[in-house]
Every structure is written in C-alpha cells, then in structure tokens.
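Read the structure below first, then the notes.
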Amino acid sequence: MNEHSINNILTKGIWYHTVEYNNIKSKGTFDYTKIIDSLNFPRMDDLEVLDVGCSDGFFSMYFLKNLNAKKVTGVDINKYDGSIAFEVLDTYKENYIEKYDERNDFNYLIDDYKILELKDPNKFNFLKKIYGLNMDFIEGSIYELENIENHDVTFCGSLLEHLRDPVSAIENLYLKTNKMCIIDISNTIKNRYVNLFRPYLKYTNSGGNFFHYSEKAVKLMMKNVGFKNIKTLKRYRIKIEKYGYKIPHSILIGYKD
Ligand SMILES: C[S@@+](CC[C@H](N)C(=O)[O-])C[C@H]1O[C@@H](n2cnc3c(N)ncnc32)[C@H](O)[C@@H]1O
Numbered sequence: 028m029n030e031h032s033i034n035n036i037l038t039k040g041i042w043y044h045t046v047e048y049n050n051i052k053s054k055g056t057f058d059y060t061k062i063i064d065s066l067n068f069p070r071m072d073d074l075e076v077l078d079v080g081c082s083d084g085f086f087s088m089y090f091l092k093n094l095n096a097k098k099v100t101g102v103d104i105n106k107y108d109g110s111i112a113f114e115v116l117d118t119y120k121e122n123y124i125e126k127y128d129e130r131n132d133f134n135y136l137i138d139d140y141k142i143l144e145l146k147d148p149n150k151f152n153f154l155k156k157i158y159g160l161n162m163d164f165i166e167g168s169i170y171e172l173e174n175i176e177n178h179d180v181t182f183c184g185s186l187l188e189h190l191r192d193p194v195s196a197i198e199n200l201y202l203k204t205n206k207m208c209i210i211d212i213s214n215t216i217k218n219r220y221v222n223l224f225r226p227y228l229k230y231t232n233s234g235g236n237f238f239h240y241s242e243k244a245v246k247l248m249m250k251n252v253g254f255k256n257i258k259t260l261k262r263y264r265i266k267i268e269k270y271g272y273k274i275p276h277s278i279l280i281g282y283k284d
C-alpha cells in the first residue's frame, strides 16, 4: 500500500477521532487513545457488532482489535459527498451546508484516496483498508434499520443528542440487538445542575443538536423499550482538542434478557 498517501490522509485529512498508524497520529476532534481502555467496555469475543453512527470507525476498530469482536457493521447517515450528515432544522441548513463543505477533505486529498482505491473520504473504509479489518460500512439512518440483520451487540456512540426522536432511535437499537446494547451519551446534563436520579431532557435550541440528557432519562428510555439490567459502565470527560474544554459522557449498557 502507498504509505505516502496513507500518511497524507492521516496528517492532512479531517478526522473526528485521533487514530494512530505506524507512529503517525491523525488530528482528531477527540483523542480517545489514552482513555479508551478505561471505559469498561465488555469483551466481545466472537460477537458481531452493529455500530450505529459509526463515523470514522474508531470504536468499531477498537471492538475488533482490542475486544476481539468477530465482525463489525458500521452504519452512518454520512454520504461522504460533502452534504450534511445530521438531522438539521431548515432554519439552520445554510450554516451547516457551509460547515460540512469545509470539512470535506476529498477536495484536496482526492489523489491520495484514489491511489488507495477509495471512492470517497469515508475514514471507516480507510481504516478497514489499512488495517485489513473485518468491518463493513452501510450508509443509513438509525431510524431505518429494518433491512439490517440483528447483531449480538449494538453500539451507539455520541449520537443521541443529535436526534430529534431519541425514543424511536433506542427502540430501533433494541429491535436489532440479540444480547446487549451499549449507548455512549455525550453532553450528559451535569449532576450539579439536576438530581442525577431524575429523567431530564434539556432542549438545546440549535440546528444539529436537539437534546441533552440526564443519565436517568436514557436509562428510562432503554427500560421502556424493553432492555433489562441497565447499568452505567462509565462516566468520563473528554476534551475537544480545538477548544480545550471537556465534555461529560456516560456509557450505559442494557441487555436483551
Ligand atoms: C458525534 S458523531 C459520533 C461518532 C462515534 N460514534 C463516537 O462515538 O465517537 C455522530 C455520528 O452519527 C452520524 N449520524 C447523524 N445522524 C445519524 C442518523 N440519523 N443515523 C445514523 N447516523 C447518524 C453522523 O454522521 C456522525 O458520524
């Protein structure tokens, strides 16, 4: 494989996560590399995983390489053609069209993607290729998972706050789960503002973000769609590299039986 093109995409491309390849790191919005092992994800030996809202596949790759998952299917609404990859209110569309176009590194790295025989700047497929991983990408929405088969594990990371209908989304995860579902909630409402034990939603009043949640709210949604034995795996904070401030997260797990 052409190492020069790989390095160009890693160092000059737009990345959501920091990933490392042969000691070269991408500059991600978030660098999970040092904390990922402390997030208490369960082993996934021989299990098939559905990663909904998979983005660049950082977590999919971790499940395969570190937790021994058998296979990962990644689903993301991103078409990788520069168009908006979130539900956005019409009133905010213009702003987001611009923002997304600026984040399309295909505009200046097209030759490198072509050399690697990649037809678009989908980093999930880039990681699949350079590491030879058993993972497949499906373009699609969390609201439309009907044609995807059930998986042992479903994972949905940092997507809920971007959805206008979290209950249907979690119900769809339930319908696709055979064993367990793991949800990472970003921007959890801070415990010092609300009683942690109350199911709060805060409407965030902006285009691509709809709600912030208290942990209890998501647990209750998971319970009401049918998940059992719901627990918190981890509470953590992760820095947005560009701005330096930290965002609170909670990772929850629920079981089918
Ligand atoms: C904030 S990123 C999170 C990426 C990764 N899962 C993580 O935990 O870091 C959310 C991802 O969800 C995708 N997305 C947005 N709306 C979606 C939808 N309705 N269905 C599936 N994916 C969606 C976005 O394109 C983006 O890649």
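Residue 284, in our numbering, is where the sequence shown stops; the numbers in between run on with no holes.
Glycine included, every Cβ here is placed at the ideal spot set by N, Cα and C.
Here the structure is a predicted model, which means the values were calculated and not measured.
Item: Can we count glutamate 114 as close to ligand 1, meaning its CB is less than 8 Å from some heavy atom?; Value: yes
Item: State yes or no: is the C-beta of aspartate 300 nearer than 8 Å to some heavy atom of ligand 1?; Value: Any property of residue 300 remains undetermined from this structure, which presents the chain solely from 28 to 284.
Item: Cβ of serine 185 versus every heavy atom of ligand 3: is any distance shorter than 8 Å?; Value: For the structure depicted, ligand 3 is absent and the ligand set comprises only ligand 1.
Item: Check whether the Cβ of serine 110 lies closer than 8 Å to any heavy atom of ligand 1, and answer yes or no.; Value: no
Item: Go through its chain and collect everything with a Cβ distance to serine 110's Cβ below 6 Å, but skip five positions before and after it.; Value: none
Item: Quick check: is any heavy atom of ligand 1 less than 8 Å from the C-beta of leucine 37?; Value: no
Item: With respect to 8 Å, is the separation between the Cβ of cysteine 81 and the closest non-hydrogen atom of ligand 1 below this value?; Value: yes
Item: Is there at least one non-hydrogen atom of ligand 1 closer than 8 Å to the beta-carbon of histidine 178?; Value: no
Item: Does DSSP put lysine 106 in a helix, in a strand, or in coil?; Value: coil
Item: Is the Cβ-Cβ distance between valine 79 and lysine 98 less than 9 Å?; Value: no
Item: Given the structure, does aspartate 78 come close to ligand 1, in the sense that its CB is under 8 Å from one of the ligand's heavy atoms?; Value: yes
Item: So, is phenylalanine 90 buried or exposed, given that buried needs 16 or more other C-beta atoms within 10 angstroms?; Value: buried
Item: Could you name each continuous alpha helix (DSSP H) segment of 4 residues or more that falls completely within the segment 61-145, going from the start of the chain to the end?; Value: 85-92, 120-129 and 133-142
Item: Going by C-alpha to C-alpha distance, which of Phe164, Glu129, Asp284 and Asn214 sits closest to alanine 244?; Value: Asn214
Item: Within 10 Å of its beta-carbon, does methionine 28 have 16 or more other beta-carbons around it, so buried, or fewer, so exposed?; Value: exposed
Item: Say yes only if the C-beta of leucine 190 is nearer than 8 Å to one or more non-hydrogen atoms of ligand 1, and no if none qualify.; Value: yes
Item: Roughly how many whole angstroms lie between the Cα atoms of aspartate 211 and tyrosine 230?; Value: 19 Å
Item: Just grab the DSSP bridge partners of aspartate 163 for me.; Value: Thr100
Item: Look up leucine 186 in the DSSP assignment and say whether it is helix, strand or coil.; Value: coil
Item: Under 8 Å: does the beta carbon of tyrosine 89 sit that close to some heavy atom of ligand 1?; Value: no
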